[in-house]
Amino acid sequence: MKITLMVASHKPYPVAEDKMYLPLFVGAEGKEDIPGFTRDDTGENISGKNASFCELTGLYWLWKNQKNADAYGLCHYRRYFAGGHFFQKKEKRILTEEKAKKLLEKGDAVLPKKRHYVIETRKDQYIHAHHEEDLLATQQVLREKYPAYLPAWEKMLESRSGHIFNMFLMKKDVFEHYCAWLFEVLFAVEERLDISEYSVSDKRVFGYLGERLMDVYLDTHHIHYTECKVVNLEKQHWLQKGFRFLKRKFSKA
Numbered sequence: 676m677k678i679t680l681m682v683a684s685h686k687p688y689p690v691a692e693d694k695m696y697l698p699l700f701v702g703a704e705g706k707e708d709i710p711g712f713t714r715d716d717t718g719e720n721i722s723g724k725n726a727s728f729c730e731l732t733g734l735y736w737l738w739k740n741q742k743n744a745d746a747y748g749l750c751h752y753r754r755y756f757a758g759g760h761f762f763q764k765k766e767k768r769i770l771t772e773e774k775a776k777k778l779l780e781k782g783d784a785v786l787p788k789k790r791h792y793v794i795e796t797r798k799d800q801y802i803h804a805h806h807e808e809d810l811l812a813t814q815q816v817l818r819e820k821y822p823a824y825l826p827a828w829e830k831m832l833e834s835r836s837g838h839i840f841n842m843f844l845m846k847k848d849v850f851e852h853y854c855a856w857l858f859e860v861l862f863a864v865e866e867r868l869d870i871s872e873y874s875v876s877d878k879r880v881f882g883y884l885g886e887r888l889m890d891v892y893l894d895t896h897h898i899h900y901t902e903c904k905v906v907n908l909e910k911q912h913w914l915q916k917g918f919r920f921l922k923r924k925f926s927k928a
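In structure tokens, the structure reads:
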């Protein structure tokens, strides 16, 4: 089994040396090269949409331009799937191709451990952090184009946990079907949303929606997956994140 696991980055950054990792410069259109990185504005691409699609411009490039692997996936320059134990240095804990193959023997996909929101549903969390219109537009697209996905969509909105980061590793047939569906949905939502007055953060809307749609796809198709811990190569500022969370919640209450 050959695996291609894209490492999405918008800036120079050391990349894991394992041969399965493909460093990809996302949002590369109009910018200077990053040495050692492939650009997402080559071949068939949507690099120019990076401000609103985030790492998904890299996913689109991977889907359209890489055809020689048996499994594909996405991780981030500072956020990888973990393959080692907690007491190892972070760089040594990054998943290797050998261990990735073993994980894929257990199912059709590998996903990060779920994030648990505990005090609010995923719908509430999204509305507090972004714009409810994003969810309403997506729901309308699903109702018109993919009604079979609506039960999983509603289940996702009411859940208190979910897979985030748009990180995954999938066998080729699942990967190709997922990407075809995901981008058809997102492009249809894009046509309905006016994000011209959104903040820089909220304009990342299609990246945020992609995170929610992944669980909708997995649930609808009953994809058997394995969860894997994530190793973050940079320090996490949990107090700052907690403060921002509370500020969002009560400012929109």
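Going from the sequence shown to this note's numbering is simple: count from 1 and add 675. Every residue, glycine too, gets a C-beta built ideally from N, C-alpha and C.
Check: Check whether the stretch 677-694 touches the stretch 742-752, taking contact to mean three or more Cβ pairs, one atom from each stretch, closer than 8 Å.; Outcome: yes
Check: Go through the stretch 787-846 residue by residue and report every complete run of the alpha helix (DSSP H) that reaches 4 residues or more, in order.; Outcome: 797-804, 807-820, 825-833
Check: So the beta strand (DSSP E) ASN740 belongs to, where does it begin and stop?; Outcome: No beta strand (DSSP E) contains ASN740, which is instead part of the alpha helix (DSSP H) from 731-740.
Check: Can you tell which of ARG714, GLY882, GLU692 has the C-alpha that lies nearest to the C-alpha of VAL701?; Outcome: ARG714
Check: What is the DSSP secondary structure of GLU929, counted as helix, strand or coil?; Outcome: Residue 929 falls outside the range modelled here, since the chain spans only 676 to 928, and no answer is possible.
Check: Since LEU888 and LEU857 are thought to touch, with beta carbons under 8 Å apart, how far apart are those beta carbons, to the nearest angstrom?; Outcome: 6 Å
Check: Is the distance from the Cβ of ALA863 to the Cβ of VAL816 below 7 Å?; Outcome: yes
Check: Under the rule that 16 or more other beta-carbon atoms within 10 Å means buried, what is LYS910, buried or exposed?; Outcome: exposed
Check: So the alpha helix (DSSP H) TYR892 belongs to, where does it begin and stop?; Outcome: 880-895
Check: I'd like to know if LYS764 contacts chain D, where contact means its C-beta is closer than 7 Å to some C-beta of that chain.; Outcome: Looking for chain D here will not work: only one protein chain is present.
Check: Ends of the alpha helix (DSSP H) at ALA618?; Outcome: Within the shown structure, residues of the chain are numbered from 676 to 928, placing residue 618 beyond reach of any answer.
Check: Taking the alpha-carbon of GLY705 as reference, which of TYR853, GLY723, PRO689, GLU719 has the nearest alpha-carbon?; Outcome: GLY723
Check: Report the CB separation of HIS899 from GLY782 in whole angstroms; it is logged as a contact under 8 Å.; Outcome: 4 Å
Check: Please report how far the alpha carbon of ASP869 lies from the alpha carbon of MET845, in whole angstroms.; Outcome: 32 Å
Check: Return the residue from the list GLU707, ASP708, TRP736 that minimises the CA-CA distance to ASN720.; Outcome: TRP736
Check: Rounded to whole angstroms, how far is the Cβ of MET676 from the Cβ of LYS776, which I believe are closer than 8 Å?; Outcome: 5 Å
Check: Among the candidates ASP809, MET831, LYS742, whose CA atom is the shortest distance from the CA of TYR883?; Outcome: ASP809
Check: May I have the straight-line CA-CA distance separating VAL849 from ALA855, to the nearest angstrom?; Outcome: 10 Å
Check: Taking just the CA atoms, how far does TYR696 sit from TYR873?; Outcome: 34 Å
Check: Here's a check: name, in chain order, each residue in its chain whose Cβ is nearer than 8 Å to the Cβ of GLN800, leaving out the five neighbours to either side.; Outcome: TYR792
Check: For the candidate residues ARG835, LYS789, ASN841, whose alpha-carbon lies nearest to that of LYS904?; Outcome: LYS789
Check: Work out the CA separation of VAL891 and ASN740 for me, nearest whole Å.; Outcome: 25 Å
Check: From ALA691 to GLU902, what does the alpha carbon distance come to, in whole angstroms?; Outcome: 20 Å
Check: Run through DSSP, which three-state label would GLY718 get?; Outcome: coil
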